[in-house]
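Report on the following structure.
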Amino acid sequence: MSLTSRRQLIYSAGVLLLAASLRLWHISQTPPGLYLDEAYHLLRAQEIAYGEALPVFITGNNGYEPLFVYLAVIPLKILGPVAWAGRLATVWAGLVGVALTMRAGRELFPGRSVGVLAGLVLATLLWSLTFSRFGSQPILAVPAAAGTLAGLWHGARTDTRRAFIVAGVSLGLGFVHLIGLPKADGSVLYAHHDSQPCADTYPAWQWHPGELVVETYSLSLPADMSPGDYIWQTGWYDEGTSGPGARLPARDETGQSLGDVAPLETVHIGAP
């Protein structure tokens with residue numbers, strides 16, 4: 012189905028209005044509470060807002076690029092230190108992702124409805140909605156990927172240098188990594204992984220009583236790890252009132268306290 016420019020503009024505006032409504036509805040209450048990553052991002056954004064730091068890379072919380080934190084500064088400046096300020100930044104990023112997805116479809120299939128349909132799917136897709144309402148950086152991958160595709164295809168089709176620059180900037184903003192040397196601080200933690208359940212796609216507030224949730228984690232071990240016995244442990248962050256980084260108490264099958272981590276099993280690491 013082909014679309015005139017006027018109809019395409021009207022349909023695109025309708026998709027963006029729908030996307031905004033789904034993302035902004037009860038944004039201060041749903042999801043409930045404040046998750047660890049959200050709290051950490053807001054603390055870093057607050058430092059930037061108060062002029063205490065201007066990081067080019069954030070080394071805490073496993074290390075990550077600071078783009079989302081800088082975006083969170085904007086609602087913090089406007090609204091003050093409200094707990095859901097970071098979620099407004101992800102709402103904005105999600106809407107930009109929908110708009111750029113429609114533009115990418117328009118570049119790939121000029122005059123057709125592919126872009127509008129793709130934007131409609133993205134606007135209502137569960138994972139896109141979830142990450143657009145969670146104050147953390149994963150949703151930035153969507154506008155980065157869509158902006159890269161739209162700019163690259165427009166540049167190839169029209170030979171416009173500016174379009175290639177847009178594609179390069181989008182790609183650079185979306186994928187940044189930092190590799191550093193292992194810390195020599197005497198820590199006994201050799202490898203760890205922190206995330207929301209099911210690869211950040213199924214947070215606990217969506218669970219139902221009695222539901223069985225299966226989770227798989229992969230850990231990368233240091234190349235210079237000494238042979239010996241190591242203990243696998245797991246813990247659960249308390250996103251309630253205990254403060255950022257606090258864990259729920261753990262108990263064994265008899266009800267005895269295990270502190271805030273539960274040992275799973277001991278594994279032996281052999282020599283290479």
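With my numbering, letter number 248 in the sequence shown gets 259, and the count goes up by one each step, no holes.
The beta carbon of each residue, even a glycine, is placed where N, CA and C say it ideally should be.
Between the alpha carbons of Thr171 and His165 lies a gap of roughly 7 Å. Your pair Pro86 and Ala100 checks out as a contact, with CB atoms roughly 6 Å apart and the cut at 8 Å. A distance of 9 Å or more separates the beta carbons of Leu160 and Ala174. The residue among Leu119, Ala60, Pro77 with its C-alpha nearest the C-alpha of Phe68 is Pro77.
Going by C-alpha positions, Leu47 is about 43 Å away from Arg123. DSSP, reduced to helix, strand and coil, places Gln244 within a strand of the structure shown. Within the model, the alpha-carbon separation for Ser181 versus His37 is close to 30 Å.
For the pair Gly108 and Val153, the Cα-to-Cα distance works out to about 5 Å. Ala56 and Phe145 have their C-alpha atoms roughly 16 Å apart. The shortest CA-to-CA distance from Ala156 to any of Ala115, Leu140, Val125, Trp138 is the one to Ala115. Shown here, Glu58 sits in a helix according to DSSP, grouped into three states.
A contact is defined here as three or more CB-CB pairs under 8 Å, and the segment 87-99 fails this definition with respect to the segment 123-139.
Secondary structure in the segment 118-175: the alpha helix (DSSP H) runs of 4 residues or longer, each lying completely within the stretch, are 125-135, 137-143, 152-169 in chain order. The Cβ-Cβ distance between Ser39 and Trp95 falls below 9 Å. If you ignore the 5 residues before and after Thr212, its C-beta comes within less than 6 Å of the C-beta of Trp138, all in its own chain and listed in chain order.
Annotated three-state conformation of Ser181 is helix, per DSSP. When Leu20, Phe79, Val272, Val224 are compared, the shortest CA-CA separation from Phe142 is found for Phe79. The beta carbons of Trp243 and Glu222 sit about 24 Å from each other, so the pair does not count as a contact at 8 Å. The Cβ atoms of Gly158 and Ile176 do not sit closer than 9 Å to each other.
Ile69 is bridged by DSSP to Tyr75. Rounded to the nearest angstrom, the gap between the Cα atoms of Thr245 and Leu33 is 35 Å. His219 and Trp247 have their alpha carbons spaced roughly 17 Å apart.
Taking each of Pro274, Ile59, Thr265, Gly105 in turn and checking the Cα distance to Ser147, the smallest one comes out for Gly105.
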